[in-house]
Amino acid sequence: MSSDLELPAELMSRPLALVGLTGLHVETNQTHLLIWNSFTSSNRNERPPLNFILFGVNHTFPVAKPDRASYEWYIPKGILKRKWMSKHLNQIPGVLVLFYDLEWEDPSWKAKHAECAHLIQTIRMKLMGRGTKLCLVLLQNSAPLPSSEDILAADRAAALCQVCELPPKSLFVLPCRSDHLQGYTLRLESAFYELCQSSYHLSSRAIRSHRDQLNRTNHGYLFVRHQFKIGFYHELKQDVAMAHKHYSQSYAHLLELRITDANVTEVKIVSGYIGYKVWRLSFLLNLPREAIAHFRSHMDFFRLRVGNPLSKFEHHAWLAAQFSTFGRLFEDAIELGLPAIQTQHPGFFYQQAAQQAIQRKKACYQDYAALEQTAINNLTPLFFGESSQLEFYGQRPWRPNRLSLEPSDMKTENDGITALLVRERLQVDLTAMIVGALTNAVNQFKNHRSPRMKQYLLVQMAEEYCRSENYMEALTLLEPLLWDYRKDFWWMPLTSLLQLGLRCAYLSGRPAEYFTYAVELCSRVTIKSLEEKTHVFDNLVGILQKRMPPSPPDSCDYSSATQLWADQFASLAKGACITTIVTNTISSFVEVKATFTQKQFAAEDVVELEVHVIYTGPKPIRFTSLHVALNNSAYLPFCQVKNSDELEFEPNQIRHYEFEFVAQAQDIGTELQIVSVTFEMGDELTAYLRCEGSSSEEFSPLRSEFPSATEKGLAGIFVLNTTEILPRTANVELVVHHEAPALRGECYPLHLELFNRENEDIINVTLTVTTSSSNGRVHDQPKIDGNVSAQLKNEKLTAGQTCQWNVFAQMEQPGNHCITFQVNYEINSEMRKNSCTYKSQYVKTLELETVQPVECEAQFQTIQFQPLRQIPVGEECVAVMTVTNLSPFPLQFEQGVWKFDTLLTNHPMGNSQLAGLILQKGEKANDVAVLSLDNGDNRQIRTGSYTLKWKRSNQSKVEGYKIPYSASSFDLPEMETWSVPLRIHVTLPAHGYVRESMNMTIVIHNPGPSYIELDVYMSSNDAFMFAGNKQIKIQIYPEDDYVLKYNLYPLLSGFVALPPLQLKTPTSTMDQVVAMDQSVLDELVSRYVPTHIYVLPQAKEKGKTNLLRSE
Amino acid sequence: MAVCIGFIGKENSPLFLRCINQSQELQFHYIMHTCIDFVEEKIIQSNKSGSDVRELYLGLLYSSEEVKAYGFVTNTKVKIVIIIDSTNSLLRDNEIRAIFRKLHNAYTELVCNPFYTPGDPITSK
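Read top to bottom, the protein sequences are chains H and W. Mapped onto the working numbering, the consecutive letters of the first sequence carry residue numbers 1 to 1111. Mapped onto the working numbering, the consecutive letters of the second sequence carry residue numbers 10001 to 10125.
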């Protein structure tokens, strides 16, 4: 039966209408080969669904049985005949096509057309009783003409049809010399396809016509068979809907059959076949729900129909086959685009298939074990006959062609099933089937977001591997599963898996794995009784003494395991380590919390470390040693317990261990971390239990994986897995003396005093002064330039002593600046009886206010100290610098340095007027320089800069250092230059006397390159009488002068106005004369010509002499 | 009558599991564990729909040849699962709802007990 369990290939393939081609001599005739190839070549998908088979002309087809006239006495022997489907798929064509070389104009037309008629007749005889349609294709070389024009062809075609007894529609002409052969064959194909459809339709109708002759009592099988055949014909003609309907009917008829022990196997097998068709077509018609429902009811109907109690294994095999068949159909449908959901997908069916396969194996093993050896020996080869040789599907080899309704011979029946059982037990690889089904299911559940279902299936797979003695695979599967169940605290599954693992490890002789599983089984999370745990615990301890664990109670053959264990033990030397278990990844029987007592330890303090251990195993235990590993292995000697008395635990006992040590110099400033806590146990063989923690979370109770640790005993112990070793606290004091505020740009002295308050001498003292401001500089010498930081050193400073330094800071910007003082030193100190050198650090920050020292304001003036807006060309003028002391301190100036632009000529003055001057707060001083602009025209020029060198006048207290002058630089304002068009020089005495004439000479100079004409007016006023030109027109050539002379006679005394001079451009000037603007002329006059003069009164005596003179 | 009921904590650890047939307890542990898959999926789907008021009763989680599992999630993400035999057709949706209501009430009373820490395994007399 097992071979019938697998669906036959003809059932599973998609039925294609069969077209037989005959009359083609492929081997000899090239043209024929071309035609054959054009039918069978590629692109089958786009062409009508046909299957072509080449038959020889003399091929004999299976002979049809004559139709039964009456079914009255006929009793069918089985349901579905084994050969029927393949016969219609591969042997009996729906359409048979005869190819024949015949031209319409063939000279021997008569002879040939007779031969053709003969061939047709022969074939027709061979296919007598079949619904096969015949076709004739004439192969012609000449190109065809439109049929209406070719009268000869029409006549001859009609004649041929008549002779061959073919309808005209079944005659075709194929121009085989044509280039478009493929096109012609395509058209032929669709014609064949139509003919096939009608052929199969006729066949199905023929079967349907039998129906009236059947009766329900005797012909139940025929109802099933006929509907199946009709369905199959419809499938051949690609009518899926009708096929589905008839298959469903066939299935319904099947369920109506009377099912006895004798025919139950056959009915089940056939129901599976018909069901397969129904489900497949349902999916094809996009009716997945219907398919699933049909399958469900199918299973419900047959689930309990085992038949002969001995064939239970067969029943499970059949069930498994059904589930996996349906699962595969479902999966195929999904691949074609059917959406599946999490609760309805092929995985469930594969899972059931696996379940049934497991049941099958169980039943098989049980029944086989119950067999007596004699029964096995008595079996004859008959019972092992191949069921695939039988006429009907699903029948028994020992009961061939018997009417299945006959009561069967129980003895033969039982022997037959026994034979199958023996074969199943000895030859069939059941494990592969189970694992295969489970693998399919696992893939499906993985795809449909069901990780836990997947785990469950993997558990079953591991169990199956264990049963089939494939322990390696089982252990490999188990490892990740343990973690999956452990992490969510599913202790009962975990316990069961551990036990499975223990068993596999035992049977495959693996002490390390056995030990690991035993450790976890002994922990208190596992759901086992105390005795069981004690038992496991004894085995675990036994392994460490090279004692093999006792065999599990359900004894099978353990001799090989015993040998493996002996080999394993022999290969291990005394004291060898069998395994290292990382206990915080499993739920072990020791739980550990290791913590530093503080977050930070100063370098000179003792680092304290606590380890809390709770032991939850079933019996007292004694460990050999305990080590705490830190990230620096140098501390290992301080962090271990070797005394095994301290390492003895009663069940549920908690012990605390404290360790302390001094941090080493290289660890100062770094973090110390607890890497792991390791227990060693055993002496003959050793095992290590290591609790690892890479971060504080690993040990932290916040981590929820192992709530066991928090439940009791160790709850509430907060874990500090890392600690920081701080540098030693410094005990020195730094005092900074200075005179705030600092002045901008000044070399500002800071006097530092370091006081050693340590009890010991300090050595290698380094003081680093840094300024955070980008505009600040620090130096250890009174220099103006400097670096951002300065370093000062002192070899040794005795306890209680001070040392002093000076540093100089220079701030380029006003505002607040930070200066940091960092003192580093080393000190030798006695700690725990060993001297150690510590580094200490002391940091102080100073905030320094910086202000502007002086303000300078520059102005350009005429030589008469009149403010100038423009610098005139060719004349002397004066630059005046007003310096104000803004600082709170008196300032002393070294000198002010003018630096003029190269265009300006400076007339140097021997010494700066400011040299050596001291200004108090708020006082001002002026510095003056005379300069002239030799040539140039009207434009904006940069004039230069002024540098003032200064320092505090009272800077005295810095011993041994001379404070340099600081320089402040100021830019002089930009000025416009002015080339003067006329220069007027007036010569006049400094003062005059009343009634005493004085001379005034006015020289008008033309500095420009052009000729000038001017009208000069000299008006009179009350204070003077004058002699000279009152109104004159003058001409001045370039670079020439014109001199006007006046004799003034003052009439009044005091500061009196001079007679006003006025220049005008004449109204009638020539074209080439430069006309000057009146306003420019006025300005020139007002600038050069004095307006007033002091006139002194006459002295008394002099007045007398004057009187005398006048007399 | 249900063959097994179970409470599963919000971190998916088993809080309580009781089944009729003690010998099948292990198997029901496995099945209960697989039910979390379906519960989680249903919760994701109901979150997607975005309605504020979530229906606590999740309905049928899945049905296999042997058993049917129904799910219920409290607002604190404690899952309650009822497993009934596949052949049992007496328990309709309404009855299942009623059982869930009772179980939910029982759980609420348990949480009100000041000596019970939520998330601990539940022990029952």
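Glycine included, each C-beta is placed from N, C-alpha and C at the ideal position.
At a C-beta separation below 8 Å, M453/H has these neighbours in chain W: T10034, D10037.
Nearest to D4/H by C-alpha distance, out of K268/H, E532/H, Y465/H, is K268/H. Within its own chain, the residues whose Cβ lies closer than 7 Å to the Cβ of Q249/H, once the five positions on either side in sequence are excluded, are Q227, listed in chain order. Looking at N90/H, R547/H, E391/H, L726/H, the one whose alpha-carbon comes closest to that of D683/H is R547/H. For N954/H, DSSP assigns no beta-bridge partner whatsoever. Close partners of L10026/W in chain H (Cβ separation under 8 Å): M492, P493, S496. Boundaries of the alpha helix (DSSP H) harbouring V442/H: 430-447, taken from the DSSP string.
Judged by their CB atoms, A561/H and L478/H are not nearer to each other than the 8 Å cut-off.
Going by DSSP, F489/H is part of no alpha helix (DSSP H) at all; its letter is neither H nor E.
Listed as beta-bridge partners of G10071/W by DSSP are G10059/W, V10081/W. In the structure shown, L891/H falls within a strand segment according to DSSP collapsed to helix, strand and coil. Between Q342/H and chain W, the shortest Cβ-Cβ separation is below 8 Å. Between the region 10067-10084 of chain W and the region 479-495 of chain H there are fewer than three inter-stretch CB-CB distances shorter than 8 Å, so the stretches are not counted as touching.
Interface residue (Cβ-Cβ distance to chain H less than 8 Å): S10013/W is classified as such.
Measuring C-alpha to C-alpha distances from V97/H to each of R82/H, L54/H, I75/H identifies L54/H as the nearest. Cα atoms of Y251/H and P549/H: separation of roughly 58 Å, rounded to the nearest angstrom.
Here Y456/H is buried. Its C-beta has 16 or more other C-beta atoms within 10 Å. Beta-bridge partners assigned by DSSP to S625/H: E680/H. With a 10 Å radius around the Cβ and a threshold of 16 neighbouring Cβ atoms, H737/H comes out exposed. From the beta-carbon of F348/H, the residues of chain W found nearer than 8 Å are Y10062, S10064.
Burial state of L10060/W is exposed, judged by a 10 Å Cβ sphere holding fewer than 16 other Cβ atoms.
Counting only Cβ-Cβ distances below 8 Å, H10104/W has no contacts in chain H at all, with the closest Cβ about 22 Å away. Put simply, the CB of F295/H is far from chain W, with every gap to its CB atoms at 8 Å or more. Membership of K796/H in the beta strand (DSSP E) is indicated by the continuous run 789-797.
Residue pairing by DSSP places G1008/H opposite no residue, since no beta bridge is assigned to it. Unbroken beta strand (DSSP E) runs of no fewer than 3 residues, entirely contained in the region 991-1053 of chain H, are found at 991-993, 998-1005, 1012-1018, 1024-1027, 1031-1036, 1041-1050, following chain order. In the structure shown, the three-state DSSP call for K642/H is coil. Using a Cβ-Cβ cut-off of 8 Å, Y10116/W does not count as an interface residue toward chain H, since no Cβ of chain H sits closer than that to its own. A distance below 6 Å between beta-carbons, with the five flanking residues on each side excluded, links L482/H to the following residues of its chain, in chain order: L497.
DSSP, read as helix, strand or coil, puts S559/H in helix.
Counted as a single uninterrupted DSSP element, the beta strand (DSSP E) harbouring P175/H occupies residues 171-175.
Interface criterion met: the Cβ of Y10030/W is under 8 Å from a Cβ in chain H. The region 612-632 of chain H makes contact with the region 641-648 of chain H: 3 or more CB pairs, one atom from each, lie closer than 8 Å.
Taking every protein chain shown into account, the CB of K949/H has 16 or more other CB atoms within 10 angstroms, so this residue is buried. With contact defined as three or more Cβ pairs closer than 8 Å, the region 180-195 of chain H and the region 151-162 of chain H are not in contact. Straight-line spacing of the CA atoms in N828/H and G745/H works out to 43 Å.
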